[in-house]
Amino acid sequence: MKRIIVEYEKCDGCKNCSAACMQAHRKTQGTIYDLDLTDPENESRNFILKDAKGQYKPLFCRHCDDPECVKSCMSGALYKDPESGHVLYDETRCGSCFMCVMNCPFGVLKPDTATKTKVIKCDFCADAGNEPSCVASCPKKAIYVEEV
Amino acid sequence: MNQCYSCTTCKSADKPLQEFIAGLPMETSHHRVESQSTKCAFGLQGVCCRLCSNGPCRITPESPRGICGASADTIVVRNLLRAVASGSGCYIHVVENTALNVKNTAKTKGQIKGIGTLNRLAALFGIEEEDVHKRAEAVADAVLKDLYLPEYEKMALTEKLAYKPRYDKWKELGLLPGGAKSEVFHGVVKCSTNLNSDPVNMLLDCLKLGISTGIYGLVLTNLLNDVVLGEPEIRFAPVGLRVIDPDYINIMITGHQHSMFTFLQNRLTDQDVKEKARKAGAKGFKLVGCTCVGQDLQLRGAHYTEIFDGHAGNNYTSEAILATGGIDAVISEFNCTLPGIEPICDELKIKQICIDNVAKKANAQLKEFDFENRPAVTEEIIDEILEAYKARRGSVPMNLLKEHGNDATLTGVSETSLKNFLGGTWQPLIDLIVSGDIKGVAGVVGCSNLTAGGHDVLTVDLVKELIARDIIVLTAGCSSGGIENCGLMTKEAAKLAGPKLRAVCEKLGIPPVLNFGPCLAIGRLEIVATELAEALHVDLPELPLVLSAAQWLEEQALADGCYGLALGLPLHLGLPPFVTGSKTAVQVLTQDMKELTGGQVIINSDAKASADILEQIILEKRQGLHI
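Order-wise, the sequence lines are chains L and V. Residue 52 in numbering that gives the first Met the number 0 sits at position 53 of the first sequence, and the numbers go up by one each step. Residue 400 in numbering that gives the first Met the number 0 sits at position 401 of the second sequence, and the numbers go up by one each step.
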């Protein structure tokens with residue numbers, strides 16, 4: 000399967016990956032110029048945190064081999080796609096218990112800010128042919144896709 | 000044979016140039032577009048603020064305000080005002096130097112080549128001096144006096160130069176500018192850290208800076224230059240890399256201040272200097288035009304046929320011009336002198352001389368223009384260039400492109416020469432507009448960039464779309480350089496126009512695109528527009544006239560654009576000016592401006608869609624005039 004690999008030492012915290020993620024999943028048509036950067040509806044599925052030493056830590060869904068989020072999902076909204084190996088999310092089946100948020104070892108999953116009824120989850124840009132927009136937008140090549 | 004340096008050059012509307020650059024054994028701006036293609040989304044939207052040490056702050060759903068509390072609106076418009084103030088400063092620097100050169104020329108009883116323009120300005124300013132030199136000095140002094148006024152004193156010439164209905168509108172909106180230099184100062188103070196946070200208030204300052212930039216930096220710079228350098232005369236002249244003749248010692252000129260070259264220009268054709276060139280093995284000296292100062296020389300080329308070889312290309316052609324090997328020296332005095340020319344000059348042993356320290360290039364020798372000592376400095380410059388010629392010729396390979404460009408591009412179009420061409424009145428043009436043979440007028444102005452489709456791509460495609468719709472195009476700026484090298488200003492281009500415009504062009508023997516030359520000549524377009532409006536007894540926003548800075552590049556262009564908006568004209572831009580992160584800025588610029596001044600910003604990067612929008616606006620304006 001394909002996985003986004005993170006070389007966090009290369010990250011300089013520009014957040015272009017987050018902006019690209021927001022653009023890729025916005026509900027309205029448009030370009031990066033008119034993406035509403037203040038609208039919580041457009042929130043990003045990846046994050047950049049800074050650790051105590053000042054090092055940037057880009058957080059991306061790792062689509063784990065043995066995903067804790069899937070194991071903790073009682074409704075079956077989260078599942079591992081046998082074909083691609085990616086962890087996918089069916090919003091219609093989600094019971095909003097957020098056990099997945101509690102159990103994600105990377106801390107990347109979170110409830111959506113606007114309604115707190117669903118999970119903000121990477122879909123590997125399935126609509127864009129599994130070519131993640133975040134990877135394409137990283138000027139430092141700190142993230143890249145690798146077959147694992 | 001050339002090796003391909005990287006094979007990743009960007010597109011150009013000028014295909015022979017694109018091919019030439021792709022085959023160069025050195026890097027140019029065209030090669031760097033790809034490696035800079037990942038753009039920062041926050042920067043593109045203008046919502047990155049680094050005005051204080053808490054920053055840079057960026058706007059996201061989780062962080063809708065900067066640490067200080069600045070909203071996206073405040074951050075965006077502060078950034079815009081900074082850019083407009085800076086751009087205005089550039090043009091005001093140019094008009095200040097030009098006025099000083101006119102004044103010094105007059106004081107030293109130098110040649111006044113444009114007596115018609117001098118008299119026109121003197122009459123406008125209410126100056127009655129019998130002696131021509133005293134008259135020129137008084138005109139220059141009147142301009143300088145205004146430039147140096149404090150911000151709280153309104154400039155006196157604004158009212159004399161502006162169209163009455165516009166002046167009244169500006170007065171009503173509180174947009175009359177104080178001293179032009181002080182307005183720049185006011186602008187940069189206003190957008191500094193934790194001062195103004197009111198986006199609309201700052202946008203009004205942008206308009207005010209647009210007015211001082213337009214009337215002084217643009218309109219007056221042209222006219223003052225005409226006084227000492229001669230008025231443009233309509234003619235056809237060669238353009239493109241073909242103008243470089245390797246038998247001569249070739250000096251490429253870049254910048255915006257034509258009046259700084261007068262003395263050198265004349266000196267280079269003196270017998271003793273020509274003799275020096277001959278002794279070095281050349282036929283003489285030639286100036287090769289590049290960027291807007293080249294456009295300006297081309298525009299007034301009727302007065303400089305011996306020394307001026309022709310205009311080779313715009314800002315993003317400069318590296319290619321040097322790469323031909325045929326250039327021996329670059330004399331620069333302002334932007335758009337790209338830093339990218341430096342390694343090429345090094346490699347090809349091209350001497351770089353800069354004559355204005357505001358534009359000092361890292362590799363260049365600074366020989367500041369000094370009116371009093373200009374004979375001595377000029378001799379030094381000539382000797383330096385002779386040495387460079389001797390050192391490099393024979394050891395540097397030539398890579399000329401003689402087939403590039405064309406031999407008969409229309410030039411020398413100005414508000415005066417065009418009116419004279421029409422028989423001393425605008426009536427023939429008005430009649431053609433009324434009859435619909437010319438649907439409307441589009442000023443395609445400003446710079447060239449490499450990102451709106453590539454080098455001159457959007458500009459040239461848009462011009463083709465507009466002329467095909469019977470809309471006549473007037474150009475001013477680096478846009479002229481690209482459009483002319485692509486052949487759209489030759490008589491033969493008439494066949495690309497719509498049937499009605501084509502018939503007009505063929506009857507008059509003109510192309511469908513009229514070349515006003517440098518970006519400064521946006522001021523000339525404004526004079527044409529004003530005189531048309533006057534003849535029709537309407538205000539500027541009512542005219543079937545649109546502006547497009549399709550490939551605007553820099554801060555000066557933003558100040559120009561603000562002038563267009565203050566004039567009440569629709570202004571198309573290919574790329575947004577880093578404002579889309581602010582809903583207020585977008586609303587004011589694209590919508591509310593119609594109520595405010597009559598102007599509006601249209602942002603569209605597609606040539607056909609843009610032309611559709613501009614054509615629709617022209618049709619609506621025609622309807623408004625009942626034609």
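Where a beta carbon is used, it is the ideal one built from N, C-alpha and C, also for glycine.
Out of the options, point me to the one whose CA is closest to residue i's CA.
i               : options                        : result
D269 of chain V : V:W551, V:S52, V:P374          : V:P374
V142 of chain V : V:E483, V:V512, V:L217         : V:L217
R119 of chain V : V:D611, V:E230, V:I320         : V:E230
T97 of chain V  : V:N224, V:F577, V:A606         : V:N224
I482 of chain V : V:L409, V:V440, V:N419, V:E533 : V:L409
Y315 of chain V : V:G178, V:P176, V:N484         : V:N484
A139 of chain V : V:E332, V:T104, V:E182         : V:T104
C68 of chain L  : L:H85, L:K9, L:K52, L:K56      : L:H85
G29 of chain L  : V:I617, V:S604, V:Q615         : V:S604
V292 of chain V : V:C518, V:A467, V:H302, V:A40  : V:C518
G177 of chain V : V:I612, V:K278, V:L208         : V:L208
L574 of chain V : V:Q590, V:Y562, V:L557, V:L568 : V:L557
P60 of chain V  : L:Q54, L:K9, L:L34             : L:L34
R392 of chain V : V:A276, V:R621, V:K593, V:E318 : V:A276
C477 of chain V : V:H310, V:T107, V:G452         : V:H310
G411 of chain V : V:I343, V:P427, V:L513         : V:L513
D89 of chain L  : L:G12, L:G53, L:Y7, L:V118     : L:V118
E95 of chain V  : V:E127, V:N372, V:Y147         : V:Y147
Identify whether residue i lies in helix, strand or coil by the three-state DSSP scheme.
i               : result
L539 of chain V : helix
F184 of chain V : helix
H454 of chain V : strand
P164 of chain V : helix
M0 of chain V   : In this prediction, M0 of chain V has a pLDDT of 39, which is less than 50 and means its spatial position is unreliable; nothing more can be read from the coordinates.
L16 of chain V  : helix
N313 of chain V : coil
K153 of chain V : strand
N100 of chain V : helix
F420 of chain V : helix
I470 of chain V : strand
T415 of chain V : helix
N195 of chain V : coil
N666 of chain V : Since the first and last residues shown for chain V are 0 and 626, residue 666 of chain V lies out of range.
N405 of chain V : strand
G177 of chain V : strand
W169 of chain V : helix
T37 of chain V  : coil
Tell me, which residues are paired with residue i by DSSP?
i               : result
L365 of chain V : V:C353
R234 of chain V : V:T410
F124 of chain V : Its beta-bridge partners do not exist; DSSP assigns none.
F284 of chain V : V:I248
V146 of chain L : The question names Val, yet the displayed sequence has Glu at residue 146 of chain L. The partner list for E146 of chain L (beta bridge, DSSP) reads L:K1.
C446 of chain V : For C446 of chain V, which the question treats as bridged, DSSP gives no partner whatsoever.
R57 of chain V  : V:C47
I119 of chain L : L:K109
S28 of chain V  : Beta-bridge pairing links S28 of chain V to no other residue.
C289 of chain V : V:G312
F307 of chain V : V:L286
I330 of chain V : V:I252, V:I352
S62 of chain V  : V:T59
A475 of chain V : V:V444
S11 of chain V  : V:H454
N78 of chain V  : Partner(s): none; N78 of chain V has no beta bridge.
G439 of chain V : V:I470
Runs of beta strand (DSSP E) wholly within the stretch 484 to 523 of chain V (minimum 3 residues, chain order) = 512 to 514
Decide if the stretch 46 to 61 of chain L is in contact with the stretch 10 to 22 of chain L; the criterion is three or more beta carbon pairs, one per stretch, under 8 Å apart.
-> yes
Can you give, in chain order, each stretch of the beta strand (DSSP E) that sits fully within the stretch 542 to 610 of chain V and has at least 3 residues?
-> 544 to 548, 569 to 572, 599 to 602
What beta strand (DSSP E) runs, 3 residues minimum, are completely inside the stretch 32 to 115 of chain L?
-> 46 to 49, 55 to 58, 77 to 79, 86 to 88
Is it true that the stretch 28 to 38 of chain V meets the stretch 151 to 163 of chain V, where meeting means three or more beta-carbon pairs spaced less than 8 Å apart?
-> no
Evaluate the contact criterion for the stretch 332 to 344 of chain V versus the stretch 282 to 292 of chain V: three or more CB pairs, one atom per stretch, below 8 Å.
-> yes
Closer than 9 Å, Cβ to Cβ, to anything on chain A: give me those residues from the stretch 586 to 604 of chain V, in chain order.
-> Of the protein chains in the structure, L and V, none is chain A.
Three-pair Cβ contact test at 8 Å for the stretch 467 to 480 of chain V versus the stretch 433 to 453 of chain V = yes
Count the CB pairs spanning the stretch 120 to 130 of chain V and the stretch 580 to 591 of chain V that are closer than 8 Å, and state whether there are at least three.
-> no
Between the stretch 440 to 457 of chain V and the stretch 529 to 546 of chain V, are three or more C-beta pairs nearer than 8 Å?
-> yes
Between the stretch 410 to 428 of chain V and the stretch 254 to 274 of chain V, do at least 3 Cβ pairs fall closer than 8 Å?
-> no
Indicate whether the contact test is met: 3 or more Cβ pairs, each with one atom in the stretch 36 to 47 of chain V and one in the stretch 156 to 167 of chain V, closer than 8 Å.
-> no
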